[in-house]
Every structure is written in C-alpha cells, then in structure tokens.
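**Q** If you read the sequences in order, they're chains A and B. Position one of the first sequence corresponds to residue 20 (the numbering used here), numbered consecutively onward. Position one of the second sequence corresponds to residue 3 (the numbering used here), numbered consecutively onward. All C-beta atoms in this analysis are idealised placements derived from N, C-alpha and C, irrespective of residue type, glycine included.
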Amino acid sequence: MILERAAEIFLEAVTLDAETRARFVTDMCGNEPRLLNQVNRLLEAANESEDYFLNLAGKVSLGALATDEKGLPADKVIGQWRLRERIGRGGMGAVYLAERADEQFEQRAALKILPTGLDTDQARARFLVERQILARLVHDNIARLLDGGVTEEGVPFFVMDYVEGLPIDAYCVRHTLSTHQRLELVLDIVKAVQYAHRNLIIHRDLKPSNVLVTQSGQVRLLDFGIAKMLEPNAGDADLTRMTQRPATPTFSSPEMLRGEPVDITTDVYSIGVLIYLLLSGKTPLDYAGMSLAEMCERASTDVPPLMSSIRPELRGDLDAIVAKALAKDPAERYESVESLGNDIRNYLAALPVMAKAPSGVYRARKFLARHRLGVAFVAFAVIALSTIAGLAVRSAITAEEQARTVALERDRAEETVDFLISIFDSADPNIAPGEQTAFQILENGRAQIASELSEVPAVQAELLKTMSLAYQSLRLVDESRDVLEQERQIRSAANGEQSTEYADVLIRLAQVTDIGGDYESSLAFAKQALEISEALGDLPGQAAGHTRVGRILHLQGDFDGANAGYRQALELYVRDYGADALQVAQTRSHLGNLLNHQERFPEAVEEFEEALRIRRLHFEGDNSEITEVLLGLASTLKNQGKLDEAEEAYVRAFEMNDRLYGPDNSYNLYVVNGLGLVAQERGQYDLAIDRFEHAIRLIEMHTPGSPNSGFAYANIGKANMLRDRMDLAVPALRNAEAIFEARLPGHWLRGEVRWRLGRCLLETGDYAEAEQLITSGAEVLEERWGSDHKLTRDAQAAAALLHEARSRREQASVPPD
Amino acid sequence: MSGDVGEITKLLRAASAGDRGASDELFTSVFQELRALARSHRRRWNGNDTLNTTALINEVYLRLANQTLASFQDRIHFFATASRAMRQILINYAERASAEKRGGNALRVTLTGLSLHEDSTLEDLLHIDALLSKLEDTNPRHCRLFEYRVFGGMTIDEAAGALDVSPATVKRDWTVLSAWLFSEMNAKKASQQEGSAS
C-alpha cells in the first residue's frame, strides 16, 4: 500500500527538476530505506503512468464490447426456442421475443435470460427464484411459465407467455374507459394477486408496466422479479436484502420504502396506488427529486390528497376505499386484497362499503388550518383581504372598531364553516355524523340551502356567501363562483340590483373570477359594482369598486388605469375612515405592488412602509397581513438591486409564516420563490434553482395542479439559461408552457416563457419552432408591457438574434457565384 | 434503447438515493447500451481498434437520456454508473480471454475482424483489477477515482464533482494513485522476468 509520507514527498518531488529532486528526496527520506524506495518507484512510474492508464480502456474496449454479446446474437437458438428481437430488460435479465425453433406449430413467447456480464452468483440465484415462483403460478391473469433451462454456455433462462398488451394506465386512457370499467380491471388484478398470495407469493412490484391489458381486455400480471416467497428457506437472506429496495417508490408501501419486513398488505397498498392513478390520473404522493430518506419521510407522514380533490365526482366511497388501502399503518389497511376486492364490488353494486371517509369536521378543520385564508394569497399575495375588509366596511365606524370587525369577520368565516358542517353533517338522517368529506358536506349544504331556505332569502344569501368562502378555503374556485352566482340571483330578487348587497356580491364575484384567471368577467363585475355604488352614493362601496377595477387593470397590464383606480380608492377610504384604516393599508399594499411593476421603486417602498405602519397599529406580533406586505416590499427591494435588504425582508416573512402556520406552509411558497429570485440576481444559480424547486414542492403539496407551478418552472428555465444550461432550461420551460397553456393561456408571463424556449431551441438549430415561439412571445409582451419595457426589449433581442441566425444560414446556403 | 425519456432520470434519482433495484436496472441499461452502441458502430471503427471511451459513454448518455437529464448530479451519477459498467465489461473480457488462452483456445476476436490485443494489456487489466479490489477496503475513494478516470473517461473536474471533493484533491490523488499502480505493475513484471530468467 501507499505510505502516507511517501505520497507527500512524492507529490512535492514531482514538481521539482531532476537535480533538486534527488537532493530533496534524500533529505526527506533520511535513513529510511523503505520510504526512499517507494518514493523512487513512484517517481519512476510517474513519467508514463497517467498516460498509460488513460489510454488503457480505449485499447481494449472495442474488442471487449464487440465480443461480449457473443452469447445472444439474433436467430440464436436456445433449447427449443429461436430468439427474435429484444423486447425488454430489467434489473434481473434481458427479455427476448422467441419462437418455437422446431416450427411444428407457431408459438410466440418471451424468453428471459440472465445477461452474460451479470452472471454473478447472487443474480443467478435471484433469477432462479423468479423461475420457481412462475412455475408455481398458473392463473389466467398471470403470464405463464412455458419452459426453462440452461443454455449451452451454462446461462439460465426461462420462457413465458408473450403478452401483447398495453400497460393498464395507457389502456384505460386509450380506450377511454369509465370509472366503472376501470374498477372492473382492478378486480382482475385483485384476482391474480389474491391467487399469488394463496400460493404464498408477494409480488412487491405492482405498477402499470407490470400489469398489461391485452387487446381483448384481459389483464395479465408480469414480472415477479422481486417477488418474495413467504415460506422459510425459499431464498437466502442476502437475496431478500438485495431486492428489498423497490424499483418504483411511487407504488411501494411506506414499510417497503423504509426497508422493513413486508407482508401481503404491501400489495394492497400498491393496488391502492394503481386505483388512485387509474381513477384520478395522478399518483398519490410525488417523490420527484427526493432522496430515499425524504421519500421515506414523505411516505410515512404525508397523507395524499383525496382523489376527489382532483376529480370531485370520486368523493365518498371511492375516496374512502383508496384511503383505507393507502393507510400508513399496514394494520389499518384492508387485511387482504380479497377484502379490498369485496369493497370494490360493494361499491360497484351500490352497497355500503367497509371503508369510511374520515370525519368531515375533522377534515375541514385540517383544511382550514392548512389553508387559512389561503385563497387570498394564491393570486400572488396581491389581493389579500379585500373581501373580508369589504365586509367590515359597512358596520365599522372607528379604526379600532374596524380592526376588531375585520378580525371578527375572519374568525367568523372559519367558525361558520365549522358550524355549517356540523349542521349539515347531522341533518341527513341517512348518514351518521362524521362520515362525509368536507366537500360532500358543502355540496349537501348547497342542495339544502336551495330547497329548504327558499322562504328566507336573506338567510339563504348569507349562507351562500359563507359557503363561497368555504369553497375558497378548499380552493374550489369554480364551486365558489357557482355559489356566488346563486347568491347574486337571490340578492337581485330580494334586494334589487340597485342595492349595496348586490354591489357587494358583484365585488366578490370579481374577486373569485380574478383568482380563476377570468379577467374579462372580473372587470365586468367590478365595473358594474362601481356603477351601482356611484348611483347609490355609497363611498366605501365605490372605494371597493375602484380597488377591484384597479387590481384587474393591473393584472391586465394597464398600469395607468390601475394607478388611477387605486388612488381614487385611497382618497375615498381616507376621507371616510381616516388615514390609519385597514382599508387604506390594503389599498396602499396594492398600489405598492403596482408601483413595483412600474419600476417606480422608491414610491413603492413608501407605500409598503405606510401599509406596514398601519397594520402594525392594528395587529400585534405575527400576522399574515404583515407578511403579505413584507413580501411586496422584499420584491421591490430585490428589483432595486438591494439584495441584502430584500433577503432580510423575505426571511422575516418566512419566519413569521413558519410561526403562524408551521413548517411547509403554503404561504411560504411565494417567499421561497422570492428568495430564489434574490439568489438568481446574485448569480447563485444552483441555489436559485434549489429554491424554485422547493417552491414547486410546496405547490405540489398544497395545491397540486395549480398554475403557480408554471411560474416556478419559468423561473427554473430562466435560471438555467443564465448559467448557460440551455439543455436543462428546455424541459423546465416546456413544463411552464404546458401549465400556462392549460391553466393561464392569456397570462403575459407565457410570452416570456415562449420566447425563452424559442431562444433555447435556437441553440439546437430548430429554427422553425424557435421563430414561432420567439415571435408570438414577443408579441404578447409588447401588448402587455409596451415596446419600451425591459421584458419586451429582452424578447426583441432574442428576435434580433433569430434574424441574424437565419440570415447567416440563408447566406450560407446561397451558392457562391 | 430506452423509449421513455423520463425513465433514466427517475432511475438515476432512485439509484443515487440508495435504491438497489433502480441501481441494478440502471447498470443493466447502461451495460447493454454500451454493447449495442459498440456493435452498431463497429464498421465505422474498423481498422482502428482503439476507441475513445469518453466519446462512447457520452454517446450512450445522449441515447439513453435523450438530453433531458435534469441536473448536473444526475449526469455525474450516470457517468459513475457507466464507469462501473465499463470496468466490468473490460474485466470480464480479459478474464474470458485469458481463460480461453489457458484452455488452449485462441481468442475468438478474429471473428469480429479485429486484431488480437497484446496479451500484456489484458494481463495488466486483470492485475489492475486485483490491485483495485485490495484497495477497495482501505481506500474506496481511490478505487472510484480510478474507475471514473480510466473506465469512464471523466476529466479531473468531473471526477471531483462525482466524488464531492475539490479538483485539487482529485489531481493529487490521481497522480499518486496512478504512479503507485504503475509501480506495482512494474514490480510484478520485474519479478516475473526474474522468475523466467532463473
């Protein structure tokens, strides 16, 4: 072995010229002959060693690579089988399409063989276990073992049914199966797995690619490559340890991820994930980019969102069945796949199911705890509390009273949800308390409000107003809007359209449609509300109307219009309530955000500081309305290039949110995103990307599928461009574009995403797509921000680059005279 | 060839998180892709039996990952896996070749139209493998470094990224390690010559 000291002396000596070197070595080694010997040998070798090794692989690799496959050329005959093309590979073997070599009758099969290079004792033993398992399983829904043996070279192989089919998820999509039909397929999986369990075999790797469906609709289970035999002595301990780590975390039970011993309920869990995927189109927990430790943590603690949060029509029994299959504790799952199958059959037959949804009240409380007023924040922390502030306006007189009323109204919104839930929960005699989801309860409530309260429109309208807030708390914007439309009709009939009540519901409709991205409707509602308030001479109503109009014009890029709206609102509020009113703080905060976008930074900072001052008068200590202002302030400071101050403000907001809502709260996604932008400004691109990815994790955790992830992906794309990683920018920008296209097709940021994507594609020479993207992107930005805005200028620079590249290419293609 | 573009990234992530199943699967894909690629390019390289390992692995990378790998770490992890696969391929080859020689069979490389390699190179490989196996216990980082540089064709900087140490440290380790291995090989050859001379 290398002597530590010899290495040190050697490293010093190689840098010296020959003469100095000899003296140095003699001095250093003194009278230690062993040391001297080794140093000299190292020095002697150093002349050629590096070059020799660096060329070594190249000298033999072609020979090695080209001959190593000699075991398996096409047309190779193994036993009675002639190989065709390779159709698959797994950790444990290559799979070839094979035909009967004797050609007495046509039979196609799949032949699995241990790859030559992987022929270790362990791999071979594992391979034989799989063959043994398959030999034992004869079932219509499991690919059968047909033959097995050892090649002339001594490599083990076996032959199975060749299943021509699609992975089950792809099959369901291709054939647009109904929920009912999908569940029928799941029952076939259940049958096959149940059969395996009876034969003391756990599959442990149930996932779509291992569950194929043939053209005729038959389910076939494949790949028992990491399956486990339950009886003792079935395989040695090393094999189990080696394969304990699953290949596909998404479909693995928490105990399997943790590397603990598993029983048949691990397959129950995997089937639960399959059902979730087949019915909702999503997997319950996303482990993208996580380390194993993080996956274990997540699998063990994070309760996946109910399927009904993705597809509301799955609420109730199906939510409950999947939740029971996906229980963290194996003891809380169905005790067998058979009982899972029975519950699915119960559901299909419209019979009561064993599984029960968690208590509605409990769930609603948890939702509220997590998403307290979250919706207000969703629209990028700009809207905040105008609805609730608006409610306060009517009855409040002094600033102090207003503060109290605002706080009261807010608490009341939450209390009322609980109250509503408790009423509706026990109101339906067919359902015992605590067995419905919050969504279900609200839906029931909606029906009851319509049918039972038609005599008392005022109460009906109040309840609908509360319900719309409850839906917003659950982030169900469409439902919230539906309920408000109902309320509007009632108000129209009961109060008439020239009433403060009617104006008020319009303002709230404007807010909800704004969150939903329907700016046109939003603006129409706000303008109508403003007209009514003006006709009535209702100053606070007018102020609320101006604020709303300003907000939408702001979002649409009409800065001057927005500015005018906010200023008018501010004037009215100050006149009516005084300079220290919360409504003034709210409007100043809006104005601050606008001025920030207008690049009038010092004015923006002034507005934010004034808003902070006012809110601190009303709220002691931590408060979400304070973090909201901090966020705007931080963003402005960042845009001013005051990065240290910006970071400080972000960190303050982060800590305050943490104290208010606990770790991983949804509010901090804006903060984390902002911290990413600060890092990006500093040129710390890796850190910036880390933070944007953190923001995406928070979005996925709280509002999966929300358009917010589009913004975060756009940021990742830009950061990658800035660090010259066009290759990594492309997928991020494509993600962003897909999300914008689906969720916010008209948002201006999509223009930036498009030109940036085009700019990246320019690098790869894809001029046609690049041109289309850059041109359309630049148009969007010019329309929103005008041709002088920095955002537009950046896009135009990319367009110029495009023309240059194209003309260069055209010149190059013109033949010389 | 992996059809699913995201699959390799997923495998890389799971493998670097310690998932043995994914690690095996990744290894197998890389292993098979290396061989498939070498076969498909055989004609192009005919008459020149040295091969640029770095270029080969890069090409495998591009084919498998289809340019969508998300991060630098993923890339590094891929090249680390490729280094290991390459080591195994070369050592298997050398073992088989020397076994066939011992058994009196000529190496069947002539079938592929390639010239025979010098026996000494193959013997060197086996000797290196033995030395590395011994080193594995005392200094696994040096073993990885050797794999990355020699079998995976990584640069000093890339190896530094993969080992999570500074390039300066890698440079130093590499100089010492290669000199030491080379001197050990010299020593063995010297002793063999003495043996045959006596």
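1. In this structure, does DSSP put A/ASP785 in helix, strand or coil?
2. Pick helix, strand or coil for A/ILE245, following the three-state DSSP scheme.
3. Closer than 8 Å is the cut-off here; do at least three beta carbon pairs connect the segment 664 to 681 of chain A with the segment 707 to 716 of chain A?
4. For A/ASP670, does the three-state DSSP call read helix, strand or coil?
5. Taking a cut of 8 Å between CB atoms, which residues from the segment 158 to 171 of chain B lie near chain A?
6. Using a beta-carbon distance below 8 Å, is B/THR177 in contact with chain A?
7. Mind the definition here: the segment 816 to 824 of chain A touches the segment 217 to 231 of chain A only if three or more C-beta pairs lie below 8 Å; say whether that holds.
8. Since A/MET314 meets chain B, which of its residues come closer than 8 Å, beta carbon to beta carbon?
9. Less than 8 Å between the beta carbons of A/VAL531 and A/VAL496, yes or no?
10. Identify the continuous beta strand (DSSP E) that holds A/PRO186 and give its terminal residues.
11. State the CB to CB distance for the pair A/ARG190 and A/ARG127, rounded to an integer number of angstroms; the pair is presumed to be in contact (CB under 8 Å).
12. First and last residue of the alpha helix (DSSP H) that includes A/GLY844?
13. So, for A/LYS226: in the same chain, excluding its five sequence neighbours on each side, which residues have a beta-carbon less than 6 Å away from its beta-carbon?
14. Can you confirm whether A/ILE245, when its beta carbon is compared against all beta carbons of chain B, has any partner nearer than 8 Å?
15. Please report how far the alpha carbon of A/GLU520 lies from the alpha carbon of A/GLY584, in whole angstroms.
16. Determine, using beta carbons only, whether A/PHE72 comes closer than 8 Å to chain B.
17. If you measure beta-carbon to beta-carbon, which residues of the segment 170 to 183 of chain A are closer than 9 Å to chain B?
18. Which residues in the same chain have their Cβ closer than 6 Å to the Cβ of B/ARG45, if we skip the five residues on either side of it in sequence?
19. Near B/PHE148, what residues of its chain come up, given a Cβ to Cβ distance below 7 Å and the 5 sequence neighbours on each side ignored?
20. For A/ARG742, which of A/ALA733, A/ARG769, A/GLN703 and A/LEU763 has the nearest alpha-carbon?
21. Have a look at A/THR320 and A/ILE187 and give me their C-alpha separation to the nearest angstrom.
22. Could you spell out the range, first to last residue, of the beta strand (DSSP E) harbouring A/THR233?
23. At least one CB of chain A closer than 8 Å to the CB of B/SER122: is that the case?
24. Run the CB neighbour count on B/LEU64, radius 10 Å, all protein chains shown included, and call it buried at 16 or more, exposed below.
25. Should A/ALA76 be labelled buried (16 or more other beta-carbon atoms within 10 Å of its own) or exposed?
26. Which residues of the segment 315 to 330 of chain A have a Cβ closer than 9 Å to any Cβ of chain B? Give them in chain order.
27. Is there contact between the segment 149 to 163 of chain B and the segment 79 to 92 of chain B, where contact requires at least three CB pairs shorter than 8 Å?
28. Between which two residues does the beta strand (DSSP E) carrying A/GLY640 extend?
29. Taking 6 Å as the limit between beta carbons, can you name the residues of its chain near A/PHE578, skipping five residues before and five after?
30. So with Cβ pairs under 8 Å, would you call A/VAL33 a contact of chain B?
31. A/ILE509 and A/PRO476 look like a contact to me (Cβ under 8 Å); what is the Cβ gap, rounded to whole Å?
32. Alpha carbon to alpha carbon, how far is A/TRP774 from A/LEU810?
33. Using 8 Å for Cβ pairs, my map puts A/LEU650 next to A/SER685. What's the rounded Cβ distance?
34. Could you name the residues of chain B that A/PRO268 contacts, counting a contact when the two beta carbons are closer than 8 Å?
35. Can you give me the C-alpha to C-alpha distance between B/ARG174 and A/LEU185, rounded to a whole angstrom?
36. Just the C-alpha distance for A/ILE221 and A/THR485, rounded to the nearest angstrom, thanks.
**A** Answer, in terms of the structure:
1. coil
2. coil
3. no
4. Here residue 670 of chain A turns out to be Val, not Asp, going by the sequence shown. Of the three classes helix, strand and coil, the one that applies to A/VAL670 here is helix, per DSSP.
5. none
6. yes
7. no
8. ALA19
9. yes
10. 184 to 186
11. Here residue 190 of chain A is Tyr; the residue named in the question, Arg, does not match the sequence. Not confirmed; about 20 Å, so no contact.
12. As shown, chain A starts at 20 and ends at 836. That puts residue 844 of chain A outside it, with no answer to give.
13. THR267 and PHE270
14. yes
15. 22 Å
16. yes
17. none
18. Because the pLDDT at B/ARG45 is just 48, under 50, the model does not fix this residue reliably, and the value given afterwards should be weighed accordingly. Within the same chain, B/ARG45 has no close Cβ partners at all.
19. LEU134 and LEU179
20. A/GLN703
21. 28 Å
22. 230 to 233
23. no
24. exposed
25. buried
26. none
27. yes
28. Neither: A/GLY640 is in no beta strand (DSSP E) and is coded neither H nor E.
29. GLN617
30. yes
31. 5 Å
32. 11 Å
33. That belief does not hold up - the Cβ atoms of A/LEU650 and A/SER685 are roughly 13 Å apart, past 8 Å.
34. ALA16 and ASP21
35. 53 Å
36. 50 Å
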